[in-house]
Amino acid sequence: MSRVIEVLASKWFLSFLGVALLGVLVWIGGPLVAIGDSRPFEPVLTRALIAGGLFLIWAVAFVWSVIAARRRNAAMIEAMTSAEGPTPEDEEVDRLRERMVQALETLKRSRLGRGRQWLYQLPWYLMIGPPGAGKTTALINSGLDFPLAEDQAERRMRGIGGTRDCDWWFTDQAVLIDTAGRYTTQDSDGGMSAEGAGAGAGTGAGSRDRAGWQGFLDLLKKHRPRQPVNGVLVCISLAEVALASAAERDAHARALRRRLRELTEQLDVRVPVYVLVTKADLLAGFTAFFDDLDAAGRAQVWGMTFPFDDEVESEGESGSRSAGDTGRSAGAVAHFDAEFDRLIDRLNARVIDRMHAEPDGERRALIHGFPAQMASVRAPLGDFLRQVFQPTRLAERPLLRGVYLTSGTQEGTPFDRLTGAMARSFGLDRTTQPPMTGRGRAFFLADLLNRVVFAEAGVVATDPAVARRRRLIRHAGFATAAVLAIACIAAWTVSYLGNSRLIGEAEAGIEDYREAVTPFAETAVADDDLAELSPVLDRLRDVPTGAAETEAGLPAPIDRGFGLDQAPTLSQGTVSAYHRALNRLFLPRLLVRLENQLRAAASPSDVSYTALKVYLMLGAQGPIEPEVIGAWMALDWQNRWPGEENAPLRTALQAHLAALLDRPIASVPLDGALVEQVRTLLASQPLAERVYARLVESPAATALPAWTPVDHAGPQAARVLVRRSGKRLSEGIPGIYTYDGFHNTFLPALEAEVRATAEEGWVLSEKTRALTDDEVAKLARDTLQLYYDDYVGIWNGLIADIDLATFQSDTHAVESLNVLSSPRSPMVTLLKAVADETRLATPREDATAGGGDTGQAGNGRPSGSERAGDAVGLEAESRMQRQFGFSGRIASLLLRDAASDALAGGRGGGAQELPGAYVEERFKELDGFVTAGPGGQAPVDAIVDDLGQLYRAMSRGRMAVDGPGGGAAAEAELAGLAQQLSLDAGRAPDVMRGWAETIAERASTRTIGDTRARLNEAWALDGRDLCRTALAGRYPFDRGSRQDVKLDDFARIFAGGGILDGFFRKELAPYVETGGRRWSWRKINNADLGIPNAVLADFREAARIRDAFFPGGGTVPDIGFDLVPVSLTPSAARVVVEVNGQTAAYDHGPVRPIPLRWPGNGPQQVRVTFIGTDGTPAGGTSQSGPWALFRLIDRSEVRQIASDRFEVTFRAGQNAARFEVRAGSVLNPFSLDDLRSFSCPRRF
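Everything in the sequence shown is counted per UniProt numbering, starting at 1 for the first residue and increasing by one.
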């Protein structure tokens, strides 16, 4: 059985088993490994070659290791037998060497030891100790098997090679080297030298001993570098330790310590050291005490085996250290005393039985005293061991594995330490025991060597650090291999489970889809209900391994990888099913939706054209353009399902559409009659209109920044200019209708768009043909003309929409005139900017030249000459390319046709025929008005001068009004200047003439300023300050304020006859028309007061507030309303609303209106309280102050029902109550916007 275990645990068998497992793994797991779509290990031949290659590599490595071992053994034998020996005359040495060669050859052939080990593979042990320590006797009587010895004398061979002063013992388990005792003591020159002796210690026989020892260690190091020896047996006689003086023991300890240190340093190993205390039989009572032991009892171990150093150090760290502890662990020897005491305890436990069994009284006395005899040697033996093995800071301590007491034979005279000590103490004669004779028996050797020493053959390490590193590497290697194996098995297991789960999930997803798609299973599709279909398609797309996962392109999850991923195989079916569903269910509904849209088309438009184009594309009757289809569908879905709540639906539909267009779509029959009907309708629309619409609505055109007046009229524009339409100055003209838009976007895209539209003839006709160059040129000219017409209309509209801001006061009039007459007048700056944008035929760099170069294009050319026409066309085209960068086939055709027409008509074609000339001609008057002439002055400068004089006159008039007669003179001067401004404006363009006349008219009514001044003074006296102080920054006029308007102040200001109402009736009523929905100023002497409409709006808002809060004309606010319960959450049993002492409650009962009044007569507090189903309060909310009710409504959820009714929801935690509030009038004070927008008038 042991042989089988040895074979199973051998290195070659384990390696063979590993290779076999790897081969099985390749054979079974190879087909499962996939690299992309390839499975390289699936063929049988490939797997067979890989598995065979693995076994071949193992066989070669095994044979090589055997050959290498044989070579090492042969080298070792040769080195040992060829070592330098004694002189040839030494016949004994020759005989021993010859005998050793024979023994080694026998060893080589016999292959001693376990398995097929040879000499080099057996562990070697070194035995050291002083002469007479009993080393040889211990080996002879150890009971070991010496298979090469024919008799007792041949068990050992002496003087082999360079180590002729050693005995070599060959057993079936190890090689034991018994060194001469003088190698240990090295005192052949006359005494054991102390450690640190003088120079004389290195001479004579001591020097020879030392040289022989060093040479012996070198020989071991040379021929067994990895493990020169596997252990050291230190033999010391118990008598030498127990009977020697302290100085002698110290000398022995230092010698042994030095030998062990030399061995460790020279061999670079830290070997286990086993201390054999020999000749234990010389201790009085030993033989009698152990005489009853049989062979097995005598073979057992009697001693102590210490833990390894790391275990010892960990134990030392866990305990406390003495004050004199140097910080370094005492090592294994620290356990000696405790372990020795345990041996004594075992002896004491055996004493009684032995004394009962022994009939001889003298021997019983010896048995009784033997434990005491043993205890007497503990101190000297412990001191000796500590001296040998105590650690130091300068050297690594030896690895002490144990201390064992042995007896090889029972010879000599036993000693009695106890009686000897007593004799010395009392001066008595020392008694001696008779000497032992005869062949003895070996005690405590066999198991020590076989089961302790030889069993730890692998403990030796080259160096502690190296040993730990190698052990770590070896263990790490094993662990890595195990982890890799476990990881592979675990990974494939996880992958198998993951893929099994994936297959199940995919099957479940497909089954779920099949159930969901049942309502759509009809063959013919007649509806366009994509909202219901989309979730069904989502299920199929989101099936595991479906289109969503495949298109994402994400790597396989770790639980499905490692070559077993089934997703690619499954996705072939799921993705195909998804695309079949798109073509069978999604595509037909898209076509039905387009058919409905086409049927609704009543007139030709770009919308109906694009719808037909998309319809034909999806019906496989035209080239697919995914961008066009996607844009159309996105716009349709946005209109059909607007709002954020439908955003997920739109996103899902776009994803399905993209997936549909990603692959060839199925052919679906179209409605031919509908196609012909729409084509007939679209044929009535000129092709140029379609080209033009696509150009101005293209992404490039819509991405251009808008041209705005505020950006081109100067920083003061907002102070003096407004829009008649009410638009802001920051709202402008689309960027495509600017100079840059025309030259950089429209013209460059014109040719491509014309040709693209021409190539889309398949949309309007099944029979299409390519347009000729003349047709293309005509289409381009027609498109340009449409653009020119819109260009002119848009800019004229902008100019007509610009107006001068109304003068709010004399001061404002002066400030406005100052801005308008300044060198950077916004009015003039704006007109010059418009002129720049409409001067399309003139390159920007030549704009100041007035187009002189362009006017010479066709002059001097013979009329009717085609050759001259071509020359002019080439010259114009060249100039166009040079000035505008406008080139291409269409440019050539346009320019040559224009030159030919000009020559044929006798006109100088020139600039008028250049692109943009039509627009430039329409704005020639404006361009001439703002462009400086030969004298450096532009006509607009005269208007600016008139404005400057008017500004200065008004400034002087303001200062002269209070003087005697100053006002009349100022008014006469202003009237004259206004008349001059009107005369000069008569020669200006319409827009400038209108602005100038407006200024003149407003200046002539300067006297109205006196009325405004009086109104301002009266308002300041009657309540302006109180109005602002009482209302500004207070609720409800400032909803974010924490301060409330006092009800008294509110009544004084807004009640009938109050501050605002009284001032209006007294001062403003004659100047205001109040009959319509909007109040307006009455004109006085064909001129109004010039008071801003905002002031009138403030008084109108005040009147509405008065009517809402003071309906009966009272002097205090009084509002009546009904509170009608609508709903109460089930979590609340009752809700109570308290309004300034009035209570309204609801408890899920009948709904009845509850009349309430505000502000009421109770405390100024509003509270909403919820009562839970258990009768306890369940939360609520409250507000305090005169406007508490309004604050509570503002902070609640309000939904307007009608002008006089709204719903309000009060919440507290999970409880909510909804009430309908019914006001007594359509002028509802609770939703009155005038409360939010009103502000006290400042000035008139």
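A virtual CB, placed ideally from N, CA and C, is assigned to each residue, including glycine.
- Separation of the CB atoms of residue 668 and residue 591 is rounded to 6 Å, and the pair is thereby assigned contact status at 8 Å.
- When beta bridges are read from the DSSP output, residue 1215 appears opposite 1212.
- Boundaries cannot be given for residue 733, as no alpha helix (DSSP H) includes it and DSSP labels it neither H nor E.
- Between residue 186 and the set 238, 128, 513, 237, the nearest pair of CA atoms involves 128.
- In the structure shown, the three-state DSSP call for residue 654 is helix.
- Per DSSP, residue 589 is one residue of the alpha helix (DSSP H) stretching across 587-599.
- Ranking 528, 516, 545 by CA distance to the CA of residue 536 puts 516 first.
- If you draw a 10 Å sphere on the C-beta of residue 1113, you find fewer than 16 other C-beta atoms in it, and that means exposed.
- By the 16-neighbour rule on beta-carbons within 10 angstroms, residue 1226 is exposed.
- The beta-carbon separation of residue 292 and residue 375, rounded to 21 Å, does not stay under the 8 Å limit for a contact.
- DSSP places residue 790 in the uninterrupted alpha helix (DSSP H) bounded by 773-801.
- In this structure, residue 217 keeps its C-beta atom at 8 Å or more from the C-beta atom of residue 256.
- A direct Cα-Cα distance of roughly 14 Å separates residue 687 from residue 603.
- Residue 1054 is a Cβ neighbour of residue 1105, given a cutoff of 8 Å.
- By the CB criterion at 8 Å, residue 489 and residue 543 fall outside the cutoff.
- For the options 755, 762, 788, the alpha carbon positioned closest to that of residue 772 is the one of 755.
- Between residue 681 and residue 765 a beta carbon distance of about 13 Å is seen, past the 8 Å cut, so the two are scored as non-contacting.
- Here residue 1145 carries a strand assignment [DSSP, helix/strand/coil].
- Residue 593 places its beta carbon 8 Å or farther from that of residue 533.
- Counted as a single uninterrupted DSSP element, the alpha helix (DSSP H) harbouring residue 387 occupies residues 378-389.
- Pairing residue 1236 with residue 1220 gives a Cβ-Cβ distance that is not under 8 Å.
- With contacts defined as CB atoms closer than 8 Å, residue 1025 and residue 1034 fail to qualify as a contacting pair.
- Beta-bridge annotation (DSSP): residue 1122 is paired with 1155, 1222.
- Excluding residues up to 5 positions away in sequence, 701, 704, 734, 735 lie with their Cβ nearer than 8 Å to the Cβ of residue 741 in the same chain.
- Checking the DSSP bridge columns, you'll see residue 1200 partnered with 1206.
- If only complete runs of 3 or more residues are kept, the stretch 688-746 shows the beta strand (DSSP E) at 721-723, in order along the chain.
- The stretch 467-536 contains no complete beta strand (DSSP E) run of 3 or more residues.
- Excluding the 5 residues flanking it on each side, residue 1163 has same chain C-beta neighbours closer than 7 Å at 1140, 1141, in chain order.
- Look at residue 128 here: in three-state DSSP terms it is strand.
- Counting other Cβ atoms within 10 Å of its Cβ, residue 1017 stays below 16 and is therefore classed as exposed.
- Of the residues assessed, residue 297 falls on the exposed side of the cut-off, its CB having fewer than 16 other CB atoms within 10 angstroms.
- C-alpha of residue 1155 to C-alpha of residue 1180: approximately 22 Å in a straight line.
- Distance from the Cα of residue 775 is smallest, within the candidate group 757, 791, 787, for 757.
- By the CB criterion at 8 Å, residue 692 and residue 840 fall outside the cutoff.
- Per DSSP, the unbroken beta strand (DSSP E) holding residue 1170 starts and ends at 1165-1172.
- Taking the Cβ atoms as the reference, residue 571 lies roughly 5 Å from residue 550, within the contact range of under 8 Å.
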